[in-house]
Amino acid sequence: MIQKGLAYVDDSTSEAIALLKGTPTEAGKDSSYRSRSIEENLQLFLDMKAGKYKDGEKVLRAKIDMEHTNMLMRDPIIYRIKHAHHHRTGDKWCIYPMYDFAHGQSDSIEKITHSICTLEFIPHRELYDWFIQALGIFPSHQYEFARLNMTYTVMSKRKLLQLVNEGFVTGWDDPRMPTISGFRRKGFTPLSIRNFCEKIGVARRENMIDLSLLEFCLREDLNATANRVMAVLDPIQLIITNYPANQTEHLTSENGPDESMGNREIPFSNTLWIEREDFMEVPAKKWFRLAPGSMVRLKSAYIVQCDTFDKDENGNITKIYCSYFANSKSGQDESGLHVKGTIHWVSAAHAINAEVRLYDRLFKVENPSAEEGDFKNNINPDSLHIISNAYVEPALQAATMEDRFQFIRKGYFCLDKDSSAQQLIFNRTVTLKDTWEKAKS
RNA sequence: UGGGUUAUUGUGUAAAGGUAGCACUACAGAUUUUGAUUCUGUCUGUCUUGGUUCGAAUCCAGGUAACCCAACCA
């Protein structure tokens, strides 16, 4: 390019270059070094490469048009001096190219026909084409599309880097990160991500995709494929007073809505853990669950009726006492009873203790990048809630990293990589839809 | 009188001059041994003003709004 008279060495400081560049509304002015001879430019450039000058002392610029309406065309810098150690050339090669100069060439070398990037690079296309033309190389073309934005998160690599570097998340694969490794660790399935991509499409207008669409795709796939199991996240003890104290029954429960998913056995006894939120001392209206005097079905087991309960000195409920109907056993119910609610449970003597990590959106606001000030001011302080004393049914001891589970009535979960045979750790992938939660408020 | 890009329901995306459709969300109802799933139904849209045309989201003209461009970053 120097030999074609299309590039020149400029000795100006970066401040001087910026000054002469003008502004979007004012034209720039030519540098006083712009008219150097080809021979002089060539020699200076070779010296730059050889390390004869210090960083910032000289740059090589394309000779285009300082009055161009596209600022990128106002004699953009091609090479700057950097005395950086390179893993291949060591300290011999002291100049490094700018993005716009390198971009088209790396595409061209690989014979790329469609080089895809985001909208902010639209003004760069003119320069991309100019370099390819000036160099006379394979004409790759750049096509721009809108980037994917999603509510309650940030997608820019630069912003995500800050979250990692400044410790707001544990790493690039933190399940709260909108990265592929984060998605995987959180339990997203490949199919659900592909379906999501297909649904959102590709276009050239700015967009903001609802997180709920991604959640929909997740639930759609997981609902069809995840094995159902029972886990109690906030345990409270339930004692069946009329069930033999040292009896264990092995009940059968289906693994999913599709019969082909098969069945498994769950141990049942007189002392169970149930979810604290499934009992209300003073029931709300339209309450289908447990309350003094009310009946519920224990999933895949019996119907029980709440007789009484214990409270500690702080007013917290500590134990719930029920009686069961022996003829109401799941699958062979002859009791004739009809109950509105079914709750999940695990047998206290057989349950495995597990850690469960509940994730929520990383940011409090829909579009953190649009807020005033640092986007990190809007981080959701409750994006991770760790439960260390959850109880899960014994079948989960055999869980593998590939498994996806639905903890019945609680959501979809998978094993975390921190998990071990001694300490099971589960990540919540996504909650179930919860119309009751909405109805309450 | 800088230049560039984009405008279809709350969100995303179709409709290449001929019925504005699909999905998510929201809401209502039915079924349900998961207040899940499934099923049924309802709501909301062509940025604006003109023009061309039998007929315009689409073509033309003028407005408006949003985003991008002044790193020796990518």
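The first sequence begins at 45 in the numbering used here and counts up by one. Beta carbons are placed, not taken as given, at the ideal position from N, Cα and C, and that holds for glycine.
One or two residues paired with residue i in a DSSP bridge
i: G134; result: H130
i: D54; result: V103
i: S367; result: Q349
i: K355; result: I361
i: A434; result: A398
i: A275; result: V436
i: F449; result: N271 and F457
i: I310; result: L295
i: W389; result: I318
i: L468; result: A398
i: I125; result: I139
i: I280; result: I318
i: H429; result: L402
i: V474; result: Y456
i: M117; result: The partner list for M117 (beta bridge, DSSP) is empty, contrary to what the question assumes.
i: F407; result: I423
i: T67; result: E70
i: M194; result: I253
i: F323; result: L334
Continuous beta strand (DSSP E) stretch holding residue i: start and end
i: E293; result: E293 to E298
i: N239; result: From DSSP, N239 is part of no beta strand (DSSP E) but of the alpha helix (DSSP H) over P234 to I244.
i: S159; result: H158 to T162
i: M92; result: Premise fails: M92 lies in the alpha helix (DSSP H), I82 to A94, not in any beta strand (DSSP E).
i: T479; result: It is not in any beta strand (DSSP E) - T479 instead sits in the alpha helix (DSSP H) that spans T479 to K484.
i: W331; result: Careful: W331 lies outside any beta strand (DSSP E) and carries neither H nor E.
i: E188; result: H185 to F189
i: L342; result: M339 to L342
Reference residue i, options the options, closest by Cα
i: K107; options: Q186, W137, L171 and K482; result: L171
i: N397; options: N424, S463, E321 and E59; result: S463
i: E298; options: S344, A434 and S256; result: S344
i: T223; options: S304, F449 and S200; result: S200
i: R228; options: T57, E154 and D460; result: D460
i: L255; options: T113, N411, E357 and E164; result: N411
i: A128; options: D99, A395 and F451; result: D99
i: H394; options: P183, N209, F89 and T292; result: T292
i: I121; options: P183, M45 and A94; result: M45
i: I387; options: F182, G215, G134 and S338; result: S338
i: K93; options: T162, P183, P141 and R220; result: P141
i: G49; options: L179, N239 and V198; result: L179
i: E164; options: E250, I347, A289 and S374; result: E250
C-alpha gap between residue i and residue j, whole angstroms
i: H202; j: K126; result: As written in the sequence, residue 202 is Arg, which differs from the His given in the question. C-alpha separation (whole angstroms): 23 Å.
i: K329; j: E319; result: 19 Å
i: L116; j: L428; result: 44 Å
i: S313; j: V276; result: 16 Å
i: F437; j: V390; result: Just to set this straight, residue 437 is Glu in the shown sequence, not Phe. Roughly 6 Å between the two C-alpha positions.
i: Y196; j: G380; result: 48 Å
i: T352; j: N424; result: 40 Å
i: N271; j: H130; result: 52 Å
i: P68; j: I166; result: 15 Å
i: R124; j: I139; result: 6 Å
i: W137; j: Q177; result: 26 Å
i: A439; j: L406; result: 32 Å
i: N371; j: E378; result: 5 Å
i: L262; j: T233; result: 7 Å
i: D478; j: L257; result: 16 Å
i: R248; j: P279; result: 50 Å
i: I81; j: L64; result: The displayed chain sequence assigns Ser, not Ile, to residue 81. Those two C-alpha atoms are separated by around 21 Å.
i: N433; j: I469; result: 11 Å
i: Y52; j: I160; result: 30 Å
i: F323; j: C350; result: 9 Å
i: N471; j: D55; result: 57 Å
i: E415; j: K96; result: 47 Å
i: K73; j: R105; result: 14 Å
i: K230; j: D109; result: 51 Å
i: L402; j: E309; result: 27 Å
i: V198; j: E210; result: 15 Å
Where the alpha helix (DSSP H) through residue i begins and ends
i: S150; result: Y143 to I153
i: V208; result: K201 to N209
i: R263; result: L255 to T269
i: R169; result: I166 to L179
i: F227; result: I224 to K230
Presumed contact (8 Å Cβ cut-off) between residue i and residue j, rounded CB distance
i: T473; j: L266; result: 7 Å
i: I237; j: I244; result: Not a contact, Cβ separation roughly 11 Å.
i: E325; j: I361; result: 7 Å
i: N307; j: T296; result: 5 Å
i: I364; j: V400; result: Their Cβ separation, rounded to whole angstroms, is 22 Å, which puts I364 and V400 out of contact at 8 Å.
i: G385; j: R341; result: 7 Å
i: F189; j: G148; result: Actually they do not touch by this definition, with Cβ atoms about 18 Å apart.
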